[in-house]
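One structure below.
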Amino acid sequence: MAGSRRKRSGDSFDAVEPPGDAELVAAVVTVTGLVEFLGALSGSEVWLLGLLVFLPGAASALGTVRQTTFVAVWTTVVVTASVLLRDRDAGHWLDRLLLVLFTIALAATSVYGCHRRIRREHAMLRLRSTAAAMQRHILHPLPLLTDDVLVNGVYEPLQEERLVGGDIYDVVDSPFGTRVLIGDVQGKGLAAVGAAFAVIGAFREAAHREPTLTALVDALDAAVVRHNSYAAHTGDDERFVTALIVCVGAETEVQAVNCGHVLPHVLYEGTVTSPELEPGVPLGLAELTAEPTTVGWFEFPEGATLLLSTDGLTETRSADGTFYPVDERLSKYVGLSPTELPQTLHDDARTFAVRGAPHDDVAVLTVRRSQRH
């Protein structure tokens, strides 16, 4: 049978694309002719016909119900006709009968299995369509433009078919400047998505209300604590969220709060620097420390590019366990545009780990002062 392909819709794989009818007929006829030829050549036509009974099973895995039914009927007719017309030795009638009955049973099972597979794929497609709609509300499509910045980037969950992962980002054009969030929810699964939605919802509301980043971070921490309280009552695991919140205004210096997240990088005039930000505790864990939230400042001049990422990039490993050298690669790609840089880094990290196992979601953002500013 011809190989299967997958159709891609948006950011997810949808379903196995069945082979064309002409392609399927050609494959079935070719296999049948090959079996007949080998049978005639070896003098064991009937026994080699047993190879044909696997055709309906292959069709049920790759084709439509109609195509599987065609292959099942074709196989049954060929096997039955060959048994009746070629082997006239009465002493083998039980073997011939068993071969025909086995062919019919496998053909019927294959059609039923194909029907179940397609029904399950349709159910998954509906589920993924719902997930895609949720993703558009949870994570706004990039690029994002405000009066202060243009944010571009790439986002990819560990499992592409899952659509929404534990990495989060958002951009809010607030009265106090543009506030950019990037974060990583601890853990995976739907519970992690729930925590991600709690943080993003709180960020979109509090970023407009709170005049300081410390108050904004307190609001995000409270949102995670409330989510964990609800999770505890429903039997789910509690979560924490590492995050980096940056505020870009008219000044060349920008404010940032690091809640246990990966440090940013500033690319400017061929150089790469990583601002020193006081590390704070992840969101949801503030009550465990008496240290106050610390706001850091660093230079972000006109023409510079601010790179934000999650540990899905920095902790990408090769087959020998070596971490992806982000600083070294950034020095190599420092001349790329903010639009090209995220995808280039992402592709380079995938190539770096081609023989290793990806282990986390990946989000890479570039922030550039917008032309409107």
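In the working numbering, the protein residues as written are 184 to 556.
We treat Cβ as the ideally placed atom computed from N, Cα and C, and that holds for glycine.
beta-carbon residue i near the ligand ADP non-hydrogen atom, thresh 7 Å
{"i": "Phe380", "result": "This structure simply doesn't include the ligand ADP, nor any ligand for that matter."}
Residue i to residue j span [Cα, whole Å]
{"i": "Val550", "j": "Leu328", "result": "10 Å"}
{"i": "Arg392", "j": "Cys442", "result": "20 Å"}
{"i": "Ala546", "j": "Thr313", "result": "22 Å"}
{"i": "Arg533", "j": "Ser492", "result": "15 Å"}
{"i": "Phe285", "j": "His305", "result": "30 Å"}
{"i": "Glu343", "j": "Leu277", "result": "Because Glu343 carries a pLDDT of 48, less than 50, the predicted location of this residue cannot be relied on, and the following value inherits that uncertainty. Taking the straight line joining both Cα atoms gives about 51 Å."}
{"i": "Thr505", "j": "Glu523", "result": "25 Å"}
{"i": "Phe237", "j": "Thr258", "result": "9 Å"}
{"i": "Pro462", "j": "Val429", "result": "14 Å"}
{"i": "Leu268", "j": "Leu280", "result": "13 Å"}
{"i": "Leu489", "j": "Val332", "result": "10 Å"}
{"i": "His448", "j": "Pro394", "result": "25 Å"}
{"i": "Arg422", "j": "Phe253", "result": "52 Å"}
{"i": "Glu485", "j": "Ala502", "result": "40 Å"}
{"i": "Arg552", "j": "Asn335", "result": "11 Å"}
Residue i vs residue j beta-carbon contact at 8 Å
{"i": "Ala536", "j": "Thr499", "result": "yes"}
{"i": "Asp434", "j": "Phe481", "result": "It should be noted that the sequence gives Glu, not Asp, for residue 434. No, the Cβ-Cβ distance between Glu434 and Phe481 is not below 8 Å."}
{"i": "Asp420", "j": "Leu466", "result": "no"}
{"i": "Leu450", "j": "Ala439", "result": "no"}
{"i": "Val294", "j": "Ala255", "result": "yes"}
{"i": "Thr397", "j": "Val478", "result": "yes"}
{"i": "Val363", "j": "Val431", "result": "yes"}
{"i": "Val218", "j": "Leu207", "result": "no"}
{"i": "Val283", "j": "Val266", "result": "yes"}
{"i": "Leu446", "j": "Leu468", "result": "no"}
{"i": "Val424", "j": "Val382", "result": "yes"}
Local conformation of residue i per DSSP, three classes
{"i": "Glu343", "result": "Because Glu343 carries a pLDDT of 48, less than 50, the predicted location of this residue cannot be relied on, and no value is offered for it."}
{"i": "Arg500", "result": "strand"}
{"i": "Tyr507", "result": "coil"}
{"i": "Glu482", "result": "strand"}
{"i": "Thr562", "result": "Residue 562 lies beyond the residue range present for the chain, which begins at 184 and ends at 556; the question has no answer from this structure."}
{"i": "Gln369", "result": "coil"}
{"i": "Gly203", "result": "coil"}
{"i": "Leu308", "result": "helix"}
{"i": "Gly443", "result": "strand"}
{"i": "Pro294", "result": "It is worth fixing the name first, because residue 294 is Val in this sequence and not Pro. The answer is helix: DSSP assigns Val294 an H, G or I state."}
{"i": "Gly216", "result": "helix"}
{"i": "Asp544", "result": "coil"}
{"i": "Ala536", "result": "coil"}
{"i": "Thr417", "result": "helix"}
{"i": "Val455", "result": "strand"}
{"i": "Ala473", "result": "coil"}
{"i": "Thr435", "result": "coil"}
{"i": "Leu238", "result": "helix"}
{"i": "Thr397", "result": "helix"}
Opposing strand residues paired with residue i [DSSP bridges]
{"i": "Leu490", "result": "His448, Thr549"}
{"i": "Ile383", "result": "Paired residue(s): none; Ile383 is not in a bridge."}
{"i": "Ser357", "result": "Gly360"}
{"i": "Ile301", "result": "None, per the DSSP bridge assignment."}
{"i": "Gly336", "result": "Leu548"}
{"i": "Asp350", "result": "Asp367"}
Quick one: any contact between the segment 473–493 and the segment 408–415, if contact means 3 or more CB pairs under 8 Å? no
Quick check: the segment 384–403 against the segment 353–360, are there 3 or more CB pairs under 8 Å? yes
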